[in-house]
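What follows is a set of notes on a single structure, which appears directly below.
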Amino acid sequence: MAVLSLRAPGPWQAIQVWADRTLLTPHTGVTSQVLGVAAAVMTPLPGGHTAGRTREARWDAMEYDEKLARFRQAHLNPFNKQSGPRQHEQGPGEEAPDVTPEEALPELPPGEPEFRCPERVMDLGLSEDHFSRPVGLFLASDVQQLQQAIEECKQVILELPEQSEKQKDAVVRLIHLRLKLQELKDPNEDEPNIQVLLEHRFYKEKSKSVKQTCDKCNTIIWGLIQTWYTCTGCYYRCHSKCLNLISKPCVSSKVSHQAEYELNICPETGLDSQDYRCAECRAPISLRGVPSEARQCDYTGQYYCSHCHWNDLAVIPARVVHNWDFEPRKVSRCSMRYLALMVSRPVLRLREINPLLFSYVEELVEIRKLRQDILLMKPYFITCREAMEARLLLQLQDRQHFVENDEMYSVQDLLDVHAGRLGCSLTEIHTLFAKHIKLDCERCQAKGFVCELCREGDVLFPFDSHTSVCADCSAVFHRDCYYDNSTTCPKCARLSLRKQSLFQEPGPDVEA
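With UniProt numbering as the guide, the letters of the sequence shown map in order to residues 1 to 512.
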């Protein structure tokens, strides 16, 4: 080994390279041959024949290099499937088997030898497409995209040649797509899509880019790496890890069972009545902020901790009804969700809660008159086929209570009255309804009235501004005619006489 590591000029350097490469192989027969060549070259010969021996050694070395190349080509190429294992190893005195001219290798340069196999090119993985998309990688994220990809894959399979490699790969891809579609439709995950807890109905969110905040731990929800849920009833949002920590029931259940407002303005009872604890999570709080700041909710009058009270602003119904005050004030998270769910519910009977509000707010008087006219128009639409086909009453589908009574109001109605939106929209709907009854529909026109007091020919309707309606028989008269005549209603008198005649005249069976 020490002799082979010498770096002598000329042929010694080539012998060193060949020997070093051969020593890396586990075949001792070739190694002994190379050692024999090196020893023969290094032995000094008498008579000055060292140069001739050197040329012979160089020739023998090149011959052994060719044999070594063929040997390593046959034994150490893992990609050459056709070359099987050798039956026996070469001994020290054995020579390499003869090869055919087709297997002969060209003369190798003194540098790094390049091994070639004429029968099959060595597959080193260079022919693979390392930049193509893997078979199992799909960019489709929802059911619709996967179904579209499946249809495209089916079309590709039909267009490709039968029993071809590309068609087989397409079939494999179709199988993967169908498995992915089945997984999305019926996910087999540890976390279900829907969870019910304390009357909350939590649904797993699919959005990854929307920035949200957990209502339980008051931290940001990172949708890309965290699973989060939203209650479909009260829109309570939280991490999946915070689900089991929720202690407050869903406020939607309170809205459905007990839909009413707290109509006392900020009914505060003091922090000592709460035992200096948060009204929701019962965490210790104080007005000095140690250990946690006590924040008052203007709707309930109670105090909450910073986790349950985020200083959200909302309009307080009690202040609106009593003071016509629409300034937003700080409320707790629970109160904010409750007020948001109750904002469109008609639960305020203003004439009972605060009758003086109609004398203070002129817009409410106009709204009340328009609502009364719409209630008088409703019987025309119910009995009119054209109105039912045109679905005129659906103009008020967002305010269904307007076609049921004229007393109930929601907080959203009062907000729109304060902003001036409700009066304009309701006037347009009133004009549309009156146009159908008085101009467009002949059936509705035929249901008009004629004033029996003045007997004039114009047709009257109960929702006209210059008419009056009898409270007993619903007959319509001119307002001036109705109030000028102090006598009773002609229709009511006629109906009374008819009833008396029916009771006074006995039947033929009674006389017999």
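Glycine included, every Cβ here is placed at the ideal spot set by N, Cα and C.
Residue 255, buried or exposed, once every other Cβ within 10 Å from all chains shown has been counted against 16: Residue 255 should be labelled buried.
Nearest candidate by alpha-carbon position, reference residue 398, set 447, 240, 409: Nearest of 447, 240, 409 to residue 398, Cα basis: 409.
Beta-carbon gap between residue 278 and residue 305 smaller than 7 Å: Taking a C-beta distance under 7 Å as the contact criterion, residue 278 and residue 305 qualify as a contact pair.
Inter-residue CB distance, residue 371 and residue 406 (contact presumed, cutoff 8 Å): 4 Å
Short Cβ contact (7 Å threshold) for residue 316 with residue 380: No. Outside cutoff.
Residue 377 to residue 388 span [Cα, whole Å]: When only Cα atoms are considered, residue 377 and residue 388 end up about 13 Å apart.
Assigned exposure category for residue 488 - 16 Cβ within 10 Å defines buried: exposed
Alpha carbon of residue 457 to alpha carbon of residue 344, nearest angstrom: 45 Å
Host beta strand (DSSP E) of residue 478 (start-end): Taken as a continuous stretch (DSSP letters only), the beta strand (DSSP E) holding residue 478 covers 476–478.
Continuous alpha helix (DSSP H) stretch holding residue 441: start and end: For residue 441, there is no enclosing alpha helix (DSSP H), as DSSP marks it with neither H nor E.
Whole-angstrom distance between residue 268 and residue 281, CA atom to CA atom: 18 Å
Assumed close pair residue 250, residue 322 - CB separation to whole angstroms, cut-off 8 Å: Not confirmed; about 29 Å, so no contact.
Cβ separation of residue 287 and residue 271, assumed to be a contact under 8 Å, to the nearest whole Å: 7 Å
Alpha helix (DSSP H) segment containing residue 413, residue limits: 411–419
Distance, residue 227 Cα to residue 220 Cα: 12 Å
CB contact flag (residue 229, residue 202, <7 Å): Against a cut-off of 7 Å, the Cβ pair of residue 202 and residue 229 comes out as a contact.
Contact set for residue 301: own chain, Cβ-Cβ below 6 Å, skip 5 residues either direction: 266, 267, 268
Element boundaries [alpha helix (DSSP H), containing residue 513]: Any answer about residue 513 is impossible in this case: the structure gives the chain only from 1 up to 512.
Contact belief for residue 160 with residue 195 at Cβ below 8 Å, rounded distance in angstroms: Contact doesn't hold; Cβ gap of about 45 Å is too wide.
7 Å Cβ cutoff met for residue 331 and residue 312: yes
Counted within 10 angstroms of its Cβ, other Cβ atoms place residue 416 as buried (16 or more) or exposed: buried
Cβ separation of residue 403 and residue 396, assumed to be a contact under 8 Å, to the nearest whole Å: 6 Å
Residue 503 burial status per 10 Å Cβ neighbour count (16 or more: buried): exposed
Contact under 7 Å by Cβ, residue 499 with residue 475: no
Burial state of residue 225 (16 or more Cβ within 10 Å): exposed
Residue environment, residue 465, which counts as buried when at least 16 other CB atoms sit within 10 Å: Exposed.
Enclosing alpha helix (DSSP H) for residue 201 [first to last residue]: That residue, residue 201, is in no alpha helix (DSSP H); its beta strand (DSSP E) goes 200–204.
Spatial neighbours of residue 154 in its chain, beta-carbon cut-off 8 Å, leaving aside the 5 residues before and after: 174
Cβ distance (whole Å) where residue 354 is taken to contact residue 318 below 8 Å: That pair is no contact at about 10 Å.
First and last residue of the uninterrupted alpha helix (DSSP H) at residue 360: 357–360
Residues of its chain near residue 298, where Cβ-Cβ distance is below 7 Å and the 5 sequence neighbours each way are ignored: 266, 316, 329, 330, 331
Inter-residue spacing [alpha-carbon to alpha-carbon] between residue 198 and residue 259: 19 Å
Cβ distance (whole Å) where residue 294 is taken to contact residue 303 below 8 Å: 4 Å
CA nearest to the CA of residue 430, picked from 445, 163, 393, 361: 393
Cutoff 8 Å; reference residue 460; Cβ partners in own chain excluding five residues on either side: 448, 449, 450, 451, 467, 476, 477, 478
Cutoff 6 Å; reference residue 309; Cβ partners in own chain excluding five residues on either side: 295, 332
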